[in-house]
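Here's the structure we're looking at; comments come further down.
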Amino acid sequence: MNKPFSDWFSRPPAHCHDGVYYFDSDRDADYFDESNVAIWRDGRMKRNFHSDFFLNNPASRRLVDHIVGQGVPVVEIACGPGMGLTPSVKRLAPDHVCLATDASALVIEEWKRYLDENEAVGNLELAQFSLMDIPFRDHTVPAYSSYIGLSSTRSGEEGHERALREIYRTLMQNGFLYTVETTWTDTEAMLRVFRETGKTPWSGLGSDHCAPTWRERFLHTGFEILSEEIFESRTLTADDNELGEASEQLGIEIGVFSKAYILQKH
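Structure below.
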């Protein structure tokens, strides 16, 4: 792995292979298997990497334009098989320095394979780690980006709080978090998917307490909200996360409402 990212780590990785650092964080990852890999290799990763989705949506386009305008290295967290905002950043600024990360080793391995075999792209590094245990030193990262990475965090509200604390801790003073986050509108449909797949629901899902909004979470962590804008209201898809893949396979629609944020640490 090249600088600056290799200089930011606060601890050595569990192992390193072909320039990618792995921190053994699969315990916090969505569960993917070879059936998912087959879908990704059958054109999904290519479509995601070349998608105009974020560039055509005015709210996310403003995030991407702001990232490019700042010109600083940016770390994509919980990138998943869609890689979040990073492909859009690279479309507008091919030389922009980016690090795409996910808790799933399989996701990172497949992105490495896809990029090596299909794309001549520079200044794009990969690493495996959990956003609830970010292996960077305090006050080192100039910017993070994410597309529903926080919303998909396991461990419910505790996971949200841990992830936001880690992001805030590792951001430089005046650093930025660019993120599109989701409010789930179909809790019962989500619980049905978990039941039918035999998997444990996310912690706190379906509880009676009133969860804080993302605005409240960001302000509580210490961020200044520079921009907050409606992104979309739609149905979760297989490109989003493991839950989206399962819901599509079962034919169960899960509604999501999303907002795009530009946040700054002071």
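Quick note: to get my numbering, add 7 to the position in the sequence shown (first position is 1). Beta carbons: idealized from backbone N, C-alpha and C, even for Gly.
Do residue i and residue j have their CB atoms nearer than 9 Å?
i	j	result
GLY78	ILE84	no
PHE61	SER95	yes
ILE174	THR228	yes
SER265	ILE155	yes
GLU260	ALA196	yes
ALA107	ALA36	no
GLY258	GLU132	no
SER137	PHE12	no
TYR268	VAL187	yes
Please check the pair residue i and residue j, which I expect to be a contact at CB under 8 Å, by giving their CB distance rounded to whole angstroms.
i	j	result
GLY262	THR244	Wrong, their Cβ atoms sit about 12 Å apart, outside the cutoff.
VAL128	TRP15	That belief does not hold up - the Cβ atoms of VAL128 and TRP15 are roughly 21 Å apart, past 8 Å.
ASP123	ILE115	Rounded, the Cβ-Cβ distance is 12 Å, inconsistent with contact.
Note down the Cα distance separating residue i from residue j, rounded to an integer number of angstroms.
i	j	result
GLY205	GLY87	22 Å
HIS216	HIS167	With a pLDDT of only 49 at HIS216, under 50, the local geometry of the prediction cannot be trusted, and the value read off the model is given with reservation. So the two alpha carbons sit approximately 15 Å from each other.
GLY163	ARG98	34 Å
CYS23	TYR185	28 Å
MET8	ALA100	20 Å
LEU198	PRO219	20 Å
LEU178	GLU231	13 Å
TRP118	THR93	12 Å
VAL81	ASP102	12 Å
ALA21	ASN63	39 Å
GLY182	GLN135	22 Å
ARG54	ASN43	15 Å
THR190	ARG161	15 Å
ASN125	TRP221	37 Å
ARG169	ARG224	11 Å
For residue i, decide whether its Cβ has a neighbour in chain C, counting only Cβ atoms nearer than 9 Å.
i	result
VAL27	In the structure shown, chain C cannot be found, because there is only a single protein chain.
Going by DSSP, which residues form a beta bridge with residue i?
i	result
GLY262	THR242
LEU178	VAL148
HIS273	HIS273 pairs with nothing; no bridge assigned.
CYS23	TYR28
LEU171	In the DSSP output, where bridge partners are listed per residue, LEU171 has none listed.
PHE16	PHE143
TRP191	VAL263
Hey, would you say the C-beta of residue i is under 8 Å away from at least one heavy atom of the ligand MN?
i	result
ARG169	Looking for the ligand MN in the displayed structure turns up nothing, as the structure carries no ligands at all.
Task: beta strand (DSSP E) runs wholly inside the stretch 206–258, at least 3 long, in chain order - done: Along the stretch 206–258, the beta strand (DSSP E) occurs as fully enclosed runs of 3 or more residues at 230–242, listed in sequence order.
Going residue by residue through the stretch 90–163, where are the continuous beta strand (DSSP E) segments of at least 3 residues, counting only ones entirely within it? Entirely contained in the stretch 90–163, the beta strand (DSSP E) runs reaching 3 residues are, in chain order, 105–109, 131–135, 148–154.
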